[in-house]
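Residue numbers (my numbering): -11 to 338.
Shown next, in the form of structure tokens:
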């Protein structure tokens, strides 16, 4: 298979709380860091071009990006399905259409999460053999390494075979993009013993035993943080609740520490002495380190970022999309599915 010398990423330049400036800041940093990257900046051309000039898009960097006009933006109070009817000219929809038509290898959006998922699944389409695309997130564990949690919201009600497939796709992403050798895979359950868990989790675990992955058993909630597993699979209802809880806990922890250090002159002095260590700790908890969540199982690469993303998070999300392209994540998913599924069961959802 020929390997492209340049990968094209369609970037939703209007999505997110700090768009378009933060999006363009991240785009510029990504272009500076990755010579095999070409960015299609999708959004309001009248707003994007002056800002690009202010930020320093010029010369060789400018030659590796293009502005693709999109007249509207999916707002946070819009329905996710608005991209299919009322807002076909939105930046998310136009970016997804570029991937569908083969003009881009992947999409990155920090905007409306639901709309980005609908665009990825309904416009770009699902890989042959994938029952349901799954949204994965990368969480930092206490050993300083990433743990992939999948699914975190794309699928609320799941059958055992769906969770098993989520685990397989998560293992491929962990191995190819995060560079984890033989990722240790588990199914989220209420106990580590083999017989514990719901009927769904137990059947999913049984299915994973027959797959060509490093399945190491049931994972408890604490295992997300202790580094025992590299990939943990669950349904989207549980995964999303866990993710939102983790985000709130991390924010509360950092705010609590800050308030404590400002109590009096002695605590302020202690804060100054521990500041370097605290900065390193905060960096480990920072979502900007990984940038976005991959929607695994769609025909193109799809990275969905946090609405509050700053330029660094946008750069990280673009980097994740680029690495998924470079490491042929979708090809590996299809190859794995081809070994697991009879040809008669393979189907394509568009």
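All residues carry an ideal CB built from backbone N, CA and C; glycine is no exception. As the structure is a computational prediction, the values presented were derived from the model and not from experiment.
- Taking 8 Å as the cut-off, the Cβ atoms of residue 149 and residue 177 do not count as close.
- Membership of residue 203 in the beta strand (DSSP E) is indicated by the continuous run 202 to 207.
- Taking C-beta separations shorter than 7 Å and ignoring five residues to either side along the sequence, the partners of residue 81 in its chain run 71, 75, 107, 111, following chain order.
- Using a Cβ-Cβ distance cut-off of 8 Å, the region 18 to 26 and the region 301 to 311 are in contact, since at least three pairs of beta carbons, one from each stretch, lie closer than that value.
- Scanning the region 88 to 133 from its first residue to its last, the whole alpha helix (DSSP H) runs of 4-plus residues come out as 101 to 106.
- Put simply, the backbone Cα of residue 6 is about 29 Å away from that of residue 314.
- The alpha helix (DSSP H) runs of length 4 or more contained entirely in the region 165 to 195 do not exist; there are none.
- Each residue's CA atom was taken as its position, placing residue 12 and residue 201 some 39 Å apart.
- With a threshold of 16 other beta carbon atoms within 10 Å, residue 25 meets it and is buried.
- Listed in chain order, the non-local C-beta contacts of residue 92 below 8 Å within the same chain comprise -4, -3, -2, 28, 83, 86, 288, local neighbours out to five positions each way being set aside.
- Assignment of beta-bridge partners to residue 293 by DSSP yields 280.
- Closest in alpha carbon position to residue 123, among 285, 310, 159, 320, is 285.
- In the DSSP annotation of this structure, the continuous segment of the beta strand (DSSP E) that includes residue 54 starts and ends at 53 to 57.
- The Cβ atoms of residue 138 and residue 221 lie closer than 8 Å to each other.
- Within the region 222 to 270, complete alpha helix (DSSP H) segments of at least 4 residues are found at 224 to 249, given in chain order.
- In the structure shown, the three-state DSSP call for residue 44 is coil.
- With a contact defined as Cβ atoms closer than 8 Å, residue 50 and residue 125 miss out at about 33 Å.
- Counted as a single uninterrupted DSSP element, the stretch harbouring residue -2 is not any alpha helix (DSSP H) but the beta strand (DSSP E) occupying residues -5 to 0.
- As computed with DSSP, residue 82 is found in no beta bridge at all.
- In the DSSP annotation of this structure, the continuous segment of the alpha helix (DSSP H) that includes residue 302 starts and ends at 299 to 314.
- At a Cβ-Cβ threshold of 8 Å, residue 100 and residue 58 do not count as neighbours.
- In this structure, DSSP gives residue 144 a state outside helix and strand, which the three-state scheme calls coil.
- A direct Cα-Cα distance of roughly 24 Å separates residue 172 from residue 235.
- Leaving aside the five residues that flank residue 169 on each side, the residues in its chain whose CB is nearer than 8 Å to its CB run, in chain order, 163.
- Comparing alpha-carbon positions, the option among 181, 324, 174 lying closest to residue 215 turns out to be 174.
- Comparing C-alpha distances from residue 136 to each of 243, 60, 115, 213 shows the shortest one belongs to 213.
- Looking at the backbone, the Cα of residue 321 and that of residue 192 are separated by about 18 Å.
- A check of alpha carbon separations from residue 40 across 280, 203, 119, 1 identifies 1 as the nearest.
- Non-local beta-carbon contacts of residue 109 in its own chain, meaning distances under 7 Å to residues more than five positions away in sequence, involve 121, 286 in chain order.
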